[in-house]
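**Q** Below are the C-alpha cells for one structure; questions will follow.
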Amino acid sequence: MVKSLKQLREEARACQDCPLWANATQTVFGAGDPHARVMLVGEQPGDEEDKKGLPFVGPAGRLLDRALEAAGVDREHLYVTNAVKHFKWQLRGKRRLHKTPAQREIDACHQWLEAEVATVKPHVIVCLGSTAAKAVISKDFKVSIQRGQFVESALAPYVFATLHPSALLRLQEDEEREVAFKQLVKDLSLIKKALSG
Ligand code: URA
Numbered sequence: 003m004v005k006s007l008k009q010l011r012e013e014a015r016a017c018q019d020c021p022l023w024a025n026a027t028q029t030v031f032g033a034g035d036p037h038a039r040v041m042l043v044g045e046q047p048g049d050e051e052d053k054k055g056l057p058f059v060g061p062a063g064r065l066l067d068r069a070l071e072a073a074g075v076d077r078e079h080l081y082v083t084n085a086v087k088h089f090k091w092q093l094r095g096k097r098r099l100h101k102t103p104a105q106r107e108i109d110a111c112h113q114w115l116e117a118e119v120a121t122v123k124p125h126v127i128v129c130l131g132s133t134a135a136k137a138v139i140s141k142d143f144k145v146s147i148q149r150g151q152f153v154e155s156a157l158a159p160y161v162f163a164t165l166h167p168s169a170l171l172r173l174q175e176d177e178e179r180e181v182a183f184k185q186l187v188k189d190l191s192l193i194k195k196a197l198s199g
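Its first residue numbered 3, the sequence shown is counted upward by one per residue in my numbering.
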C-alpha cells in the first residue's frame with residue numbers, strides 16, 4: 003500500500019535505523035507539492051535545515067532558488083527532499099560543520115526516499131550532487147563526468163544529476179563560481195525539456 007506523505011513524515015520522525023538521529027535536532031523529511039511532477043534530491047539537511055525541519059532553506063537552498071529562477075523553474079511546483087534525512091555534523095569551534103554521510107547511512111535512509119518516490123510519482127528526478135546520485139542512480143556515478151545527462155532509471159521516466167549548490171558555495175574564485183552556476187542553471191533547464199517530453 004502506498005502511504006501518504008503525512009503518514010511517511012510521521013513515521014520518519016521516529017527513525018533510528020542509523021546512528022545519525024542521535025545528534026540531529028529532528029528528521030528533515032521532504033517538502034513541497036505532494037503532486038509535483040519534479041522531485042529534487044539533495045544530500046542531507048544542513049545546519050539551518052536541521053533547526054527549521056525543512057530541506058534547502060539555508061545558504062545552499064538560497065543558491066538553489068536563484069538557479070531555479072534562472073532556469074525558469076518554479077520551486078512552488080517541486081517536491082524537494084534529501085537522500086539522508088538527518089544532519090550529520092562535527093563541531094569545529096562553535097560551528098556544526100557538515101560531514102558527508104557514509105554509504106551505510108545512505109542505505110539505511112533509502113527506504114524513505116523510495117517511499118517518497120512511490121507516493122509522489124515524479125516524472126522527473128534531479129539529483130543534486132554525488133550523494134543523491136549514488137542513492138538514486140548508482141554507487142559509481144560520477145557527477146563531474148555524467149552531470150546533465152538523462153539516465154535510465156526504474157524510479158522515474160526522466161532522471162539526471164547536476165552539481166550540488168553547496169559545492170558552488172565552497173568554490174573560492176568568483177569566476178569558478180560563475181562558471182559552475184551557469185552549468186547548474188543549464189542542467190536545471192533540462193527539467194523543462196523533460197516535462198515537455
Ligand atoms: N544540502 C542538502 O543537500 N540538503 C539540504 O536540505 C540543505 C543543504
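Even glycine gets a Cβ: it sits at the ideal position worked out from N, Cα and C.
Bear in mind that the values here come from a model prediction, so they are computed numbers and not experimental data.
Measure the C-alpha to C-alpha separation of residue 124 and residue 3 and round it to an integer number of angstroms.
**A** Within the sequence shown, the letter at position 122 stands for residue 124. Within the sequence shown, the letter at position 1 stands for residue 3. Between residue 124 and residue 3, the C-alpha separation is close to 18 Å.
**Q** Consider the C-beta atom of residue 31 and the heavy atoms of the ligand URA; say whether any pair is separated by less than 8 Å.
**A** As a first step, residue 31 must be located in the sequence shown, where it is residue number 29. Incorrect: residue 31 has no Cβ contact closer than 8 Å to the ligand URA.
**Q** On the DSSP bridge list, what partners appear for residue 97?
**A** Taking the first residue of the sequence shown as position 1, residue 97 is located at position 95. DSSP output for residue 97 lists 94 as bridge partner(s).
**Q** Can you name the residues that DSSP bridges to residue 42?
**A** Stepping through the sequence shown from its first residue, residue 42 is reached at position 40. The partner list for residue 42 (beta bridge, DSSP) reads 82, 128.
**Q** Would you call the region 55-74 in contact with the region 107-122, where contact means no fewer than 3 C-beta pairs closer than 8 Å?
**A** In short, these stretches do not touch, since the Cβ pair count stays below three.
**Q** For residue 48, count the other beta carbons within 10 Å of its own beta carbon; 16 or more makes it buried, fewer makes it exposed. Which is it?
**A** Position 46 of the sequence shown, counted from the start, is the residue given in the question as residue 48. When all chains shown are included, residue 48 counts as buried.
**Q** Hey, residue 130 and residue 163: beta-carbon distance below 9 Å or not?
**A** Here residue 130 is taken as the residue at index 128 of the sequence shown, counted from 1. Here residue 163 is taken as the residue at index 161 of the sequence shown, counted from 1. Cβ distance < 9 Å, so residue 130 and residue 163 count as in contact.
**Q** Is residue 46 near the ligand URA, going by C-beta to nearest heavy atom under 8 Å?
**A** Along the sequence shown, one-based indexing puts residue 46 at 44. Yes, the Cβ of residue 46 comes within 8 Å of a heavy atom of the ligand URA.
**Q** Return yes when the C-beta of residue 88 is under 8 Å from any heavy atom of the ligand URA, and no when it is not.
**A** As a first step, residue 88 is located in the sequence shown; it is residue number 86 there, counting from the start. Not so, every heavy atom of the ligand URA lies at least 8 Å from the Cβ.
**Q** Any heavy atom of the ligand URA closer than 8 Å to the beta-carbon of residue 118?
**A** If you number the sequence shown from 1, residue 118 lands on position 116. Outside the cutoff, so no.
**Q** When every heavy atom of the ligand URA is checked, does at least one fall within less than 8 Å of the C-beta of residue 199?
**A** The residue labelled residue 199 in the question sits at position 197 within the sequence shown. Outside the cutoff, so no.
**Q** Enumerate in chain order the residues of its own chain whose CB-to-CB distance from residue 183 is below 7 Å, with the five nearest sequence positions on each side excluded.
**A** Taking the sequence shown and counting its residues from 1, one reaches residue 183 at position 181. The answer, listed in chain order, is 69, 170.
**Q** Using the three-state DSSP reduction, which class does residue 152 fall into: helix, strand or coil?
**A** Within the sequence shown, residue 152 is the residue found at index 150, counting from 1. Correct three-state label for residue 152: coil.
**Q** Taking 8 Å as the cut-off, is the C-beta of residue 58 nearer than that to any heavy atom in the ligand URA?
**A** Taking the sequence shown and counting its residues from 1, the one referred to as residue 58 is at position 56. Checking the Cβ of residue 58 against the ligand URA gives yes.
**Q** Residue 27 by DSSP, collapsed to three states: which one?
**A** Along the sequence shown, read from residue 1 onward, the residue named residue 27 stands at position 25. Residue 27: coil per DSSP, three-state reduction.
**Q** Give me the Cβ distance between residue 57 and residue 86, rounded to the nearest whole Å; I'm assuming they're in contact under 8 Å.
**A** As a working mapping, residue 57 is identified with position 55 in the sequence shown. As a working mapping, residue 86 is identified with position 84 in the sequence shown. 11 Å between Cβ atoms; not a contact.
**Q** Check the DSSP bridge columns for residue 34 and list the partner residues they point to.
**A** Residue mapping note: residue 34 aligns to position 32 of the sequence shown, counting from 1. Answer is 81.
**Q** Since I believe residue 118 is in contact with residue 55 (beta carbons under 8 Å), could you give me their beta-carbon distance rounded to a whole number of angstroms?
**A** Along the sequence shown, one-based indexing puts residue 55 at 53. Along the sequence shown, one-based indexing puts residue 118 at 116. Contact doesn't hold; Cβ gap of about 16 Å is too wide.
**Q** Roughly how far, in whole angstroms, is the beta-carbon of residue 38 from the beta-carbon of residue 187, given that I think they are within contact range, below 8 Å?
**A** Against the sequence shown, residue 38 aligns to sequence position 36. Against the sequence shown, residue 187 aligns to sequence position 185. Between residue 187 and residue 38 the Cβ distance is about 20 Å, and since that is not below 8 Å, they are no contact.
**Q** Expressed to the nearest angstrom, what Euclidean distance is found between the alpha-carbon atoms of residue 140 and residue 26?
**A** Along the sequence shown, read from residue 1 onward, the residue named residue 140 stands at position 138. Along the sequence shown, read from residue 1 onward, the residue named residue 26 stands at position 24. When rounded, the distance between both Cα atoms is 27 Å.
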